[in-house]
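For reference, the structure is listed below as structure tokens.
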Amino acid sequence: MSKSFDSGDVYIKPSRDIAARVMVDEMVIMSVKDSKVFSLNPSATLIWSAADGSTPLREIVARTLVSEFEIDAETAYRDAVELVKELAQEGILLLADHPIGQERA
Amino acid sequence: MSTILENLNSKAIQLGIPLGVHLDVTWRCNERCVHCYLDHDDLGEMSYDEIEDLMSQMAAAGVFFLTISGGEPMLRSDIFPILRRARELTFNVKLKTNGILIREKEAALIRELGVDTVQVSIYSHRPEVHDAITKVKGSLERSLSAIRFMVSSGLKVTMANVVMKQTRFDYPGVQKLAAEVGAMFTIDPTITPHINGDRSLLALNVSREDLRDIMNDKTIAGATEDQFVAVAPGADEDYMDNIPCSAGHSACYVSPYGDVYPCVQFPLPSGNVRQQKFIDIWKYSPQLEEVRSIRTRDLPVCSTCAHSSGCSRCPGLAYMEGNMRGPSTADCEKSFASTGVPSANMLLRAASQKADR
Chain W
-2 MSKSFDSGDV YIKPSRDIAA RVMVDEMVIM SVKDSKVFSL NPSATLIWSA ADGSTPLREI
58 VARTLVSEFE IDAETAYRDA VELVKELAQE GILLLADHPI GQERA
Chain Z
11 MSTILENLNS KAIQLGIPLG VHLDVTWRCN ERCVHCYLDH DDLGEMSYDE IEDLMSQMAA
71 AGVFFLTISG GEPMLRSDIF PILRRARELT FNVKLKTNGI LIREKEAALI RELGVDTVQV
131 SIYSHRPEVH DAITKVKGSL ERSLSAIRFM VSSGLKVTMA NVVMKQTRFD YPGVQKLAAE
191 VGAMFTIDPT ITPHINGDRS LLALNVSRED LRDIMNDKTI AGATEDQFVA VAPGADEDYM
251 DNIPCSAGHS ACYVSPYGDV YPCVQFPLPS GNVRQQKFID IWKYSPQLEE VRSIRTRDLP
311 VCSTCAHSSG CSRCPGLAYM EGNMRGPSTA DCEKSFASTG VPSANMLLRA ASQKADR
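Those sequence lines, one after another, are chains W and Z.
Those letters in the first sequence? Residues -2 to 102, by the numbering used here.
Those letters in the second sequence? Residues 11 to 367, by the numbering used here.
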């Protein structure tokens, strides 16, 4: 990640090394590498589900959190950035400053 | 189990979601294990398209854990497309194989596809014993070679040891072997009847005395869920409302022919995915509904047993004994072996035999 999150040109995509399923409105994720299990709340699930590698994070946030929960766009984006950083650190989400294609983590 | 997984399982049971499915993609096999509970003829197994459609339906139904097994699943020429599609649908995939067809290239591909765990059955560390069970000369060496390739490629591999009369004293050797190659180790001291109901395979089970020694062997602590335990506290009212196991509640089995059962060890025909949608069978099958209706209090013998709250009673084995609400003798034996306290079923049988005399 060379660009700043502030530019908005951040792209996210689930790592290949995960298993994931939505259970009602929560996403359950298991890392294949270390069997660590994660549970995302409904708003994080919305972001994860839209993480297609080609839609900028700022746009995902606008489409999901801002429109669904009617919250301030900047606050929502900051929260989303914290979330995706954490998930990337855990190795279950890919982050890039360019669209992420079919390449694997 | 992590708290998240415990919550996930509770939620799945509460909401009626099939969290885990065991899918046999073939019953064909390149081994002929003496204790195997399956037939090995191909009676018209599902095509790739049928399996692909089924897996899509299962993902939509909420299935998270998918065990792909057989028979020997690697005998299918389309096993890699099946695994690839399973992973695209983001299942947590466990593969059960004998490893005979897995070399370096296959091991690397299984790892690349993101399969979570691979389980390989190793019956003995002695080639002559293992190979006599599989009836395939050189099978131990081939399976061990596959395990080494898979561990080297970064896969989590479990060496599963089925204890039977022929292998009674071999599990420490297999455990040592697992440690040497970097695999996990599990042990299962239960031989199950043939899926067609034939119970002659049970003659391979170890003796009661041997089972007691195995169940009390602290060197395999954690390798089996049925370890030495004191008799569990008496069952209270809350426990009586519990479900006997996850079969039909959050898990089920699908055969290569599309037949749905509550569990691989519970051959109660509950529908066929070639005739009905998976979710319709899961939700509305009268057989699965009956299985789901049973609570501990509904078990006429087991609910009165000293082991009722600590027993790993298998309703499928009970079903194969003739009554899904009845006791499972194999589990009675395990409870007795662990504690020295006979089960209610054992006491009843002893009383009945005495009366007959």
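Cβ atoms here follow ideal geometry from the backbone N, Cα and C, with glycine treated the same way.
Compute the distance between the beta-carbons of Val146(Z) and Met169(Z), then report whether it is under 9 angstroms. As a working note, residue 146(Z) is residue 136 in the second sequence. As a working note, residue 169(Z) is residue 159 in the second sequence. No, they are not a contact pair.
Identity of the residue in Met56(Z), Phe179(Z), Arg95(Z) nearest Arg13(W) by Cα: Along the first sequence, one-based indexing puts residue 13(W) at 16. The shortest C-alpha separation from Arg13(W) is found at Arg95(Z).
Buried or exposed: where does Thr177(Z) fall if 16 or more other Cβ atoms within 10 Å of its Cβ makes it buried? Position 167 of the second sequence, counted from the first residue, corresponds to residue 177(Z). Result: buried.
Residues near Ala156(Z) in its chain [Cβ-Cβ closer than 6 angstroms; skip 5 each side]: By one-based count along the second sequence, residue 156(Z) stands at place 146. So the list reads Gly109, Ile112, once near-sequence residues are dropped.
For Leu18(Z), would you say it is in contact with chain W, using Cβ-to-Cβ distances shorter than 9 angstroms as the test? Mapped onto the second sequence, residue 18(Z) falls at position 8. At least one chain W Cβ lies under 9 angstroms of Leu18(Z).
Please list the segments of the alpha helix (DSSP H) lying wholly inside the segment 94 to 166 of chain Z, counting only runs of 4 or more residues, in order along the chain. 114 to 122, 137 to 144, 149 to 162
Among Lys175(Z), Arg323(Z), Asp269(Z), Gly124(Z), whose alpha-carbon lies nearest the alpha-carbon of Leu53(Z)? On the second sequence, residue 53(Z) is found 43 positions in, with the first residue counted as 1. It is Asp269(Z) whose Cα lies nearest to the Cα of Leu53(Z).
Which residues of chain Z have a Cβ atom closer than 8 angstroms to the Cβ of Met24(W), listed in chain order? Working through the first sequence from its first residue, we reach residue 24(W) at position 27. Per Cβ cutoff of 8 angstroms: no residues; Met24(W) is ~10 angstroms from chain Z at best.
Where Leu327(Z) and Ser353(Z) are concerned, what is the direct C-alpha to C-alpha distance, given to the nearest angstrom? Reading the second sequence from its first residue, position 317 is the one you call residue 327(Z). Reading the second sequence from its first residue, position 343 is the one you call residue 353(Z). When rounded, the distance between both Cα atoms is 16 angstroms.
Using a C-beta cutoff of 9 angstroms, does Pro39(W) count as contacting chain Z? Looking up residue 39(W) in the first sequence gives position 42. By this cut-off, Pro39(W) is not an interface position.
Return helix, strand or coil for Lys228(Z), following the three-state DSSP convention. Translated into the one-based positions of the second sequence, residue 228(Z) becomes position 218. Of the three classes helix, strand and coil, the one that applies to Lys228(Z) here is helix, per DSSP.
Can you tell me the Cβ-Cβ gap for Leu76(Z) and Val31(Z), rounded? I've got them flagged as a contact below 8 angstroms. In the second sequence, the residue the question calls residue 76(Z) occupies position 66. In the second sequence, the residue the question calls residue 31(Z) occupies position 21. Confirmed, Cβ separation roughly 6 angstroms.
Does DSSP put Leu33(Z) in a helix, a strand or coil? Residue mapping note: residue 33(Z) aligns to position 23 of the second sequence, counting from 1. In this structure, Leu33(Z) counts as strand in the three-state DSSP scheme.
Does Thr196(Z) have its Cβ less than 9 angstroms from a Cβ in chain W? Residue mapping note: residue 196(Z) aligns to position 186 of the second sequence, counting from 1. With 9 angstroms as the cut-off, Thr196(Z) does not count as an interface residue toward chain W.
I'd like to know whether the C-beta atoms of Ile120(Z) and Leu93(Z) end up nearer to each other than 9 angstroms. Locating residue 120(Z) in the second sequence gives position 110, counting from the first residue. Locating residue 93(Z) in the second sequence gives position 83, counting from the first residue. A contact, by the Cβ cut-off of 9 angstroms.
Contact between the segment 11 to 19 of chain Z and the segment 86 to 97 of chain W (3+ Cβ pairs under 8 angstroms): no
Identify every run of the alpha helix (DSSP H) within the segment 50 to 76 of chain Z, keeping only runs that are complete inside it and at least 4 residues long; order them along the chain. 58 to 71
If the cut-off is 8 angstroms on Cβ atoms, which residues from the segment 23 to 48 of chain Z count as contacting chain W, listed in chain order? Leu25, Ile27
Could you check where the alpha helix (DSSP H) with Thr42(W) kicks off and where it finishes? The residue labelled residue 42(W) in the question sits at position 45 within the first sequence. Start and end: 39 to 46.
Test: Asp49(W) CB closer than 9 angstroms to a CB of chain A: Here the protein chains are W and Z, and chain A is not one of them.
Does Ala69(Z) come within less than 9 angstroms of chain W when only Cβ atoms are used? Here residue 69(Z) is taken as the residue at index 59 of the second sequence, counted from 1. Yes - at least one Cβ of chain W is within 9 angstroms of the one on Ala69(Z).
Using CA atoms only, rank isn't needed, just tell me which of Phe101(Z), Tyr47(Z), Gln67(Z) is closest to Met24(W). Within the first sequence, numbered from 1, the residue matching residue 24(W) stands at position 27. Taking only the C-alpha atoms, the option nearest Met24(W) is Phe101(Z).
Evaluate Ala272(Z) with the Cβ neighbour count: other Cβ atoms within 10 Å of its Cβ, from every protein chain shown; 16 or more gives buried, anything less gives exposed. Translated into positions along the second sequence, residue 272(Z) becomes position 262. Here residue 272(Z) is Pro; the residue named in the question, Ala, does not match the sequence. Buried is the call here.
Taking C-alpha atoms, which residue in Met20(W), Ser40(W), Lys33(W) lies nearest to Val81(W)? One-based indexing of the first sequence puts residue 81(W) at position 84. Cα-wise, what sits closest to Val81(W) is Ser40(W).
Own chain residues within Cβ distance below 8 angstroms of Glu82(Z), not counting five before or after: For the purposes of this step, residue 82(Z) is taken as residue 72 along the second sequence, with counting starting at 1. The residues are Thr36, Arg38, Cys39, Asn40, Glu41, Thr107, Asn108, Ile110, Leu111.
Outcome for Pro11(W) when other beta-carbon atoms lying within 10 angstroms are tallied against a minimum of 16: Locating residue 11(W) in the first sequence gives position 14, where the first residue counts as 1. So Pro11(W) ends up on the buried side.
Against chain W, does Val128(Z) count as a neighbour if the rule is that its beta carbon must be under 9 angstroms from one of theirs? Here residue 128(Z) refers to the residue found at position 118 when the second sequence is read from its first residue. No, Val128(Z) does not count as interfacial toward chain W.
If contacts are defined as beta-carbon pairs under 8 angstroms, then Leu29(Z) and Asn19(Z) qualify, I think. What distance do you get, rounded to the angstrom? Start at 1 with the first residue of the second sequence, and residue 29(Z) comes out as number 19. Start at 1 with the first residue of the second sequence, and residue 19(Z) comes out as number 9. About 6 angstroms; that satisfies the 8 angstroms criterion.
Is there contact here, the segment 301 to 316 of chain Z with the segment 247 to 259 of chain Z, by at least three beta-carbon pairs under 8 angstroms? yes
Please decide whether Phe101(Z) counts as near chain W, where near means a Cβ-Cβ distance under 9 angstroms. Mapped onto the second sequence, residue 101(Z) falls at position 91. Yes, its Cβ sits closer than 9 angstroms to a Cβ of chain W.
Output, in chain order, the set of chain Z residues within a Cβ distance shorter than 7 angstroms of Ala16(W). Taking the first sequence and counting its residues from 1, one reaches residue 16(W) at position 19. Ordered by position in chain Z, the residues that pass the 7 angstroms Cβ test against Ala16(W) are Phe74, Thr100, Phe101, Asn102, Asp126.
Would a C-beta distance cut-off of 9 angstroms place Ile197(Z) and Ile143(Z) closer than the cut-off? Locating residue 197(Z) in the second sequence gives position 187, counting from the first residue. Locating residue 143(Z) in the second sequence gives position 133, counting from the first residue. Not a contact, by the Cβ cut-off of 9 angstroms.
Can you give me the C-alpha to C-alpha distance between Met68(Z) and Ala17(W), rounded to a whole angstrom? Taking the first residue of the second sequence as 1, we reach residue 68(Z) at position 58. Taking the first residue of the first sequence as 1, we reach residue 17(W) at position 20. If you take the alpha carbons of Met68(Z) and Ala17(W), they lie about 13 angstroms apart.
For Val128(Z), which residues in the same chain have their Cβ closer than 6 angstroms to its Cβ, ignoring the five residues on either side in sequence? For the purposes of this step, residue 128(Z) is taken as the residue at position 118 of the second sequence. The answer, listed in chain order, is Leu105, Met160, Leu165, Val167.
Buried or exposed, going by whether 16 or more other CB atoms sit within 10 Å of the CB of Thr56(W)? Position 59 of the first sequence holds residue 56(W). A small correction: the amino acid at residue 56(W) is Glu; Thr does not occupy that position in the sequence shown. Classification of Glu56(W): exposed, given that the 10 Å Cβ count is below 16.
Can you give the beta carbon distance from Ala22(Z) to Ser260(Z), rounded, assuming they're within the 8 angstroms contact cut? The sequence position of residue 22(Z) within the second sequence is 12, counting from 1. The sequence position of residue 260(Z) within the second sequence is 250, counting from 1. Indeed they touch by this definition, with Cβ atoms about 4 angstroms apart.
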